[in-house]
Amino acid sequence: NAGVIQTPRHKVTGKGQEATLWCEPISGHSAVFWYRQTIVQGLEFLTYFRNQAPIDDSGMPKERFSAQMPNQSHSTLKIQSTQPQDSAVYLCASSLQGSYEQYFGPGTRLTVL
Amino acid sequence: GQQVQQSPASLVLQEGENAELQCNFSSTATRLQWFYQHPGGRLVSLFYNPSGTKHTGRLTSTTVTNERRSSLHISSSQTTDSGTYFCAIDGTGGYKVVFGSGTRLLVSP
Numbered sequence: 001n002a003g004v005i006q007t008p009r010h011k012v013t014g015k016g017q018e019a020t021l022w023c024e025p026i027s028g029h030s031a032v033f034w035y036r037q038t039i040v041q042g043l044e045f046l047t048y049f050r051n052q053a054p055i056d057d058s059g060m061p062k063e064r065f066s067a068q069m070p071n072q073s074h075s076t077l078k079i080q081s082t083q084p085q086d087s088a089v090y091l092c093a094s095s096l097q098g099s100y101e102q103y104f105g106p107g108t109r110l111t112v113l
Numbered sequence: 114g115q116q117v118q119q120s121p122a123s124l125v126l127q128e129g130e131n132a133e134l135q136c137n138f139s140s141t142a143t144r145l146q147w148f149y150q151h152p153g154g155r156l157v158s159l160f161y162n163p164s165g166t167k168h169t170g171r172l173t174s175t176t177v178t179n180e181r182r183s184s185l186h187i188s189s190s191q192t193t194d195s196g197t198y199f200c201a202i203d204g205t206g207g208y209k210v211v212f213g214s215g216t217r218l219l220v221s222p
């Protein structure tokens, strides 16, 4: 069991460019979560999928951020026209159907110059 | 929405000392989880403990749901325990998780 896999581990973009972050949940886990971690704001919930369907995106900035889960083995978080304030560690987590215990990936550190 | 308060914000110990980390939350939480994060590392689940007491190794978690508090006790601390400990509870709407701001622990030799 490799755990939750996130790629890339580090990404540097220029202001205005697009960034796509990938997450592969633990095999058999039906729920996928995205969080953002910064020094100032701490850990913030972004969005949640269950059985590939978007359930709650209340934490997602309404503009420029989007998330998808095209199949049960991966989810993507896309940030269009990145801004310096988007710089953060983006964390993905997964959990089993019916379980609230979440398992986290190593995160993707996004730096927007 | 749900709020989570952790204390202390930071803690410095000598190796071998015990630590008690506190988590208080704003309303009854049906799900509570303690995480550990090494600087620059991933979040590792320590306990899923919505109520009662759980032990693993030198760690003990006690959650008193109706008093809206949970604690994490670390006995005989080691330098490898250094890092940040987060308490997280269920937010409104089900699976969404709300994190506390963490307790940063430094154990010196």
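These protein sequence lines are chains A and B, in that order.
In this text, residue positions in the first sequence follow our numbering: the first is 1, and each later residue adds one.
In this text, residue positions in the second sequence follow our numbering: the first is 114, and each later residue adds one.
All C-beta atoms in this analysis are idealised placements derived from N, C-alpha and C, irrespective of residue type, glycine included.
With respect to the 7 Å criterion, B/Pro163 and B/Leu145 are classified as neighbours on the basis of their beta carbons. In the DSSP annotation of this structure, the continuous segment of the beta strand (DSSP E) that includes A/Ala19 starts and ends at Ala19 to Glu24. In the structure shown, A/Asp56 falls within a strand segment according to DSSP collapsed to helix, strand and coil. A Cβ-Cβ distance of about 7 Å is found for the pair A/Gln68 and A/Ser75, placing them in contact under the 8 Å criterion.
For B/Tyr149, the enclosing beta strand (DSSP E) starts and ends at Leu145 to Gln150. Boundaries of the beta strand (DSSP E) harbouring A/Arg109: Thr108 to Val112, taken from the DSSP string. Residue-level contact by beta carbon fails for A/Tyr90 and chain B, as no gap is shorter than 7 Å. One finds Phe104, Gly105, Pro106 and Gly107 in chain A with Cβ atoms closer than 7 Å to the Cβ of B/Arg155, taken in chain order. Counting C-beta pairs with one atom in each stretch, the region 82-98 of chain A and the region 178-192 of chain B have fewer than three that are closer than 8 Å, which means they do not touch. By the neighbour-count criterion, in which a residue is buried when 16 or more other Cβ atoms sit within 10 angstroms of its Cβ, A/Pro70 is exposed. Under the DSSP definition of a beta bridge, A/His29 lacks any partner. Bounds of the beta strand (DSSP E) holding B/Leu185 are Arg182 to Ile187. Distance from A/Tyr48 to A/Leu91 at the Cβ level is roughly 13 Å; contact not present, criterion being Cβ atoms closer than 8 Å. Here A/Gln102 is buried, its C-beta having at least 16 other C-beta atoms within 10 Å.
Between A/Val112 and A/Lys15, the C-beta spacing is below 7 Å. Per the coordinates, the alpha-carbon of A/Arg50 lies some 29 Å from the alpha-carbon of B/Gln119.
With respect to the 7 Å criterion, A/Gly107 and A/Val4 are not classified as neighbours on the basis of their beta carbons.
Partner residues in a beta bridge of B/Asn162, as assigned by DSSP, do not exist. Note on geometry: alpha-carbon atoms of B/Leu126 and B/Phe138 lie some 26 Å from one another. Between A/Gln6 and A/Cys23 a beta carbon distance of about 5 Å is seen, short of the 8 Å cut, so the two are scored as contacting.
Counting C-beta atoms within 10 angstroms of its own C-beta, B/Lys209 has 16 or more neighbours from the protein chains shown and is therefore classed as buried. Look at A/Phe45: its C-beta is under 7 Å from a C-beta on chain B.
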